[in-house]
Ligand SMILES: [Ca+2]
Ligand SMILES: [Ca+2]
């Protein structure tokens with residue numbers, strides 16, 4: 210932890226018009242840029258003496274008279290900063306959104322800040338604060354949440370003036386969240402030295418999600434044995450996020466004979482064999498591996514059969 214102890218002594222001799230400044234730094238600091246708190250560091254003792262020179266009535270210079278030292282000790286002032294102060298993200302049901310937050314000690318002495326975060330939704334969404342500590346093979350203090358970084362943080366721990374603490378407000382979108390719902394989560398860092406000094410951030414999460422629909426039709430409502438029929442399956446993503454790992458399955462009715470090699474996906478013929486074209490027809494069922502369907506996208510599958 211960065212710690213800095215400064216001792217400053219001022220010697221001022223106005224009669225001579227000379228100013229002597231002696232600054233003694235007793236510093237134990239990490240490598241890199243030094244920490245300069247807002248204002249003089251708490252605990253710094255500022256000492257000031259005066260001196261006087263004179264001659265006696267006979268004109269002989271007399272020894273310099275030095276005053277006592279007047280001392281002022283700098284008191285601690287608490288202050289903190291949360292950055293960013295706002296953020297927004299989309300999230301899908303059951304997804305956890307991680308908002309990176311940096312808390313900075315803007316006071317002039319070491320301080321410990323209590324951290325809280327809460328959802329304003331009713332019922333409230335689940336919110337946690339995790340350290341950006343590199344746990345589980347992650348990278349510490351990079352502002353990116355890696356999978357193992359799940360160490361709960363209730364305070365920053367003691368941090369020096371101008372030092373920072375990095376963490377995440379982790380907002381869980383409820384599994385039953387409805388598309389378009391918006392949650393506001395507030396983050397607060399409160400000084401342990403002076404509880405009236407706090408800083409806040411506000412994070413807005415909008416629920417998005419994939420919504421898949423599936424319709425099916427056949428080109429004849431009345432067909433005699435031996436008649437050919439064509440089935441059409443239409444899939445669509447009416448949501449506002451991509452659907453992934455989409456698989457469509459169709460069990461061929463027992464009263465029809467499937468026409469071998471008749472499956473088309475968006476007009477492109479597919480083989481019945483289990484191969485790289487993502488369509489397989491086996492054991493009386495058609496399996497189509499669609500993969501990802503973007504928001505607003507749709508597609509059509511057709512296959513032919515003959516009524517037994
Ligand atoms: Ca990280
Ligand atoms: Ca195939």
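In the working numbering, the protein residues as written are 210 to 517. Note that the Cβ used here is the ideal one computed from N, Cα and C, for glycine as well. None of the values given here were measured: they were computed from a predicted structure.
Looking at C-alpha atoms only, which residue of 257, 300, 402, 506 is the closest neighbour of residue 416?
Sequence index remark: in the chain shown, residue 416 carries index 207 (1-based). Of the listed residues, the one whose Cα sits closest to residue 416 is 300.
Expressed to the nearest angstrom, what Euclidean distance is found between the alpha-carbon atoms of residue 493 and residue 452?
As a first step, residue 493 is located in the chain shown; it is residue number 284 there, counting from the start. As a first step, residue 452 is located in the chain shown; it is residue number 243 there, counting from the start. The straight-line gap from Cα to Cα measures roughly 27 angstroms.
Tell me residue 280's beta-bridge partners as DSSP assigns them.
Indexing the chain shown from 1 puts residue 280 at position 71. DSSP lists 256 as partners of residue 280.
Just to check my reading of the structure: residue 446 and residue 503 have Cβ atoms closer than 8 angstroms, yes? What is that Cβ distance to the nearest angstrom?
For the purposes of this step, residue 446 is taken as the residue at position 237 of the chain shown. For the purposes of this step, residue 503 is taken as the residue at position 294 of the chain shown. Correct: roughly 7 angstroms between the Cβ atoms.
Comparing the CB of residue 496 with every heavy atom of ligand 2, is any distance shorter than 7 angstroms?
Within the chain shown, the letter at position 287 stands for residue 496. No, the beta carbon of residue 496 sits no closer than 7 angstroms to any heavy atom of ligand 2.
Given the structure, does residue 353 come close to ligand 1, in the sense that its CB is under 7 angstroms from one of the ligand's heavy atoms?
The sequence position of residue 353 within the chain shown is 144, counting from 1. For ligand 1, at least one heavy atom lies less than 7 angstroms from the Cβ of residue 353.
Out of 290, 269, 353, state which residue places its alpha-carbon closest to the alpha-carbon of residue 408.
Walking along the chain shown from the start, residue 408 turns up at place 199. Cα-wise, what sits closest to residue 408 is 290.
Enumerated in chain order, which unbroken segments of the alpha helix (DSSP H) with a length of 4 residues or greater are wholly contained in the region 331-362?
As far as the region 331-362 is concerned, it has no whole alpha helix (DSSP H) run of at least 4 residues.
In angstroms with no decimal places, state the Cα-to-Cα distance between residue 486 and residue 480.
Numbered from its first residue, the chain shown carries residue 486 at position 277. Numbered from its first residue, the chain shown carries residue 480 at position 271. For residue 486 and residue 480, the distance between alpha carbons rounds to 7 angstroms.
Can you give me the Cβ contacts of residue 252 inside the same chain, cut-off strictly under 8 angstroms, excluding the 5 residues immediately before and after it?
Along the chain shown, one-based indexing puts residue 252 at 43. Only 214, 282, 283, 285, 318 meet the Cβ criterion.
Between the Cα of residue 259 and the Cα atoms of 278, 377, 410, which residue gives the shortest distance?
Stepping through the chain shown from its first residue, residue 259 is reached at position 50. That would be 278, whose Cα lies nearest to the Cα of residue 259.
Would DSSP call residue 303 helix, strand or coil?
Position 94 of the chain shown, counted from the first residue, corresponds to residue 303. Of the three classes helix, strand and coil, the one that applies to residue 303 here is coil, per DSSP.
I need the DSSP call for residue 243, collapsed to helix, strand or coil.
Here residue 243 refers to the residue found at position 34 of the chain shown. Since pLDDT at residue 243 reaches only 39, below the 50 mark, its modelled position is unreliable, and the value read off the structure follows with that caveat. Coil, per DSSP.
Go ahead and pull the three-state DSSP assignment for residue 236.
Taking the first residue of the chain shown as 1, we reach residue 236 at position 27. For residue 236, the predicted model reports a pLDDT of 37, less than 50, meaning its position is unreliable and no value from the coordinates is stated.
Using only the alpha-carbon positions, how far apart do residue 238 and residue 311 sit?
The residue given as residue 238 occupies position 29 in the chain shown. The residue given as residue 311 occupies position 102 in the chain shown. No answer about residue 238 holds up, because its pLDDT of 36 lies below 50 and its placement is not dependable.
Taking buried to mean at least 16 other C-beta atoms within 10 Å of its own C-beta, is residue 475 buried or exposed?
Your numbering for residue 475 matches position 266 in the chain shown. Classification for residue 475: exposed.
Taking the C-alpha atoms as reference points, what is the distance between residue 515 and residue 418?
The sequence position of residue 515 within the chain shown is 306, counting from 1. The sequence position of residue 418 within the chain shown is 209, counting from 1. Roughly 39 angstroms separates the two Cα atoms.
Classify residue 314 as buried or exposed, calling it buried when 16 or more other Cβ atoms lie within 10 Å of its own Cβ.
In the chain shown, the residue the question calls residue 314 occupies position 105. Residue 314 comes out buried.
Between which two residues does the beta strand (DSSP E) holding residue 393 run?
For the purposes of this step, residue 393 is identified with residue 184 of the chain shown, where counting begins at 1. Taken as a continuous stretch (DSSP letters only), the beta strand (DSSP E) holding residue 393 covers 391-400.
My output table needs one value for residue 199: the three-state DSSP class, helix, strand or coil.
Absent from the structure is residue 199, since the part of the chain shown begins at 210 and ends at 517.
Is residue 473 a contact residue of ligand 2, with contact defined as CB to any heavy atom under 7 angstroms?
Within the chain shown, the letter at position 264 stands for residue 473. No, Cβ of residue 473 sits at least 7 angstroms from all heavy atoms of ligand 2.
Between residue 486 and ligand 2, is there a pair consisting of the residue's CB and a ligand heavy atom that are separated by less than 7 angstroms?
Here residue 486 is taken as the residue at index 277 of the chain shown, counted from 1. True, at least one ligand heavy atom lies under 7 angstroms from that Cβ.
Under the assumption that residue 297 contacts residue 382 (Cβ atoms under 8 angstroms), give the Cβ distance between them as a whole number of angstroms.
Here the question's residue 297 lines up with position 88 in the chain shown. Here the question's residue 382 lines up with position 173 in the chain shown. About 14 angstroms; that fails the 8 angstroms criterion.
Answer yes or no: the CB of residue 341 versus the heavy atoms of ligand 3, is any distance below 7 angstroms?
With respect to small molecules bound, the structure shown includes ligand 1 and ligand 2 and not ligand 3.
If the criterion is Cβ atoms closer than 8 angstroms, does the pair residue 575 and residue 324 meet it?
Given that the chain is displayed from residue 210 to residue 517, the structure contains no residue 575 and the question cannot be resolved.
Report yes or no: do the region 332-352 and the region 367-384 share at least 3 C-beta pairs separated by less than 8 angstroms?
At 8 angstroms Cβ cutoff, the stretches touch.
Pairs of beta-carbons, one from the region 494-513 and one from the region 454-474, closer than 8 angstroms: are there three or more?
With the cut-off at 8 angstroms, the region 494-513 and the region 454-474 touch.
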